[in-house]
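Right, one structure below, let's go through it.
In this note's numbering, the protein residues as written are 351 to 487.
Next comes the structure, spelled out in structure tokens:
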């Protein structure tokens, strides 16, 4: 019980500290080898929501498809990399970048094009019993 409270407190503090920004993320399917779930817990006081912490790694040549979440996703870039969105020039997603992707806001749709993998720490506060995200067609 103490561990769950500590995890929720730390997750809440992280979201508060990140502020209200938006940006790209490299979220992949729940069972994808690119996303390694670290911890999952119910959101205290909200029976239909949960908190999911993960590490995501996209290697050069791998892509993130355009998608939405059923809740909020906070991300922090642990290791930056060159990425390229369709029809755009390649740009650096720098180490230390933080942001939020809000409920039902489309994001992603980029490919890692440099020599270094992109590594992210993500925290999702999402609807329970719903997919972590849905692809946009």
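Where a beta carbon is used, it is the ideal one built from N, C-alpha and C, also for glycine. Owing to the predicted nature of the structure, the values given are computational and were not obtained by experimental measurement.
Beta-carbon proximity list for residue i, same chain, < 8 angstroms, skipping 5 on both sides
{"i": "residue 393", "result": "358, 399, 400, 401 and 475"}
{"i": "residue 440", "result": "432, 433, 434, 463 and 464"}
{"i": "residue 388", "result": "403, 404 and 405"}
{"i": "residue 372", "result": "Confidence at residue 372 is low in this model, with a pLDDT of 29, below 50, so its placement is unreliable and the value that follows should be read with caution. The answer, listed in chain order, is 449, 450, 451, 452, 455 and 457."}
{"i": "residue 466", "result": "410, 429, 430, 431 and 432"}
Residue of the options minimising C-alpha distance to residue i
{"i": "residue 431", "options": "455, 469, 390 and 385", "result": "469"}
{"i": "residue 312", "options": "478, 487 and 486", "result": "Lying outside 351 to 487, the shown extent of the chain, residue 312 is not represented and no answer is given."}
{"i": "residue 391", "options": "481, 416, 419 and 473", "result": "473"}
{"i": "residue 485", "options": "422, 407, 417 and 408", "result": "417"}
Those residues which DSSP pairs with residue i across a bridge
{"i": "residue 462", "result": "433"}
{"i": "residue 424", "result": "450 and 473"}
{"i": "residue 389", "result": "403"}
First and last residue of the uninterrupted beta strand (DSSP E) at residue i
{"i": "residue 484", "result": "483-485"}
Proximal residues to residue i (C-beta, below 7 angstroms), its chain only, five neighbours per side dropped
{"i": "residue 442", "result": "430 and 432"}
{"i": "residue 444", "result": "427 and 430"}
Neighbourhood of residue i by C-beta distance below 6 angstroms, restricted to the same chain and skipping five residues each side
{"i": "residue 412", "result": "462"}
**OP:** List in chain order: all unbroken beta strand (DSSP E) runs of 3+ residues lying wholly within the segment 392-419.
**Re:** 399-408 and 417-419
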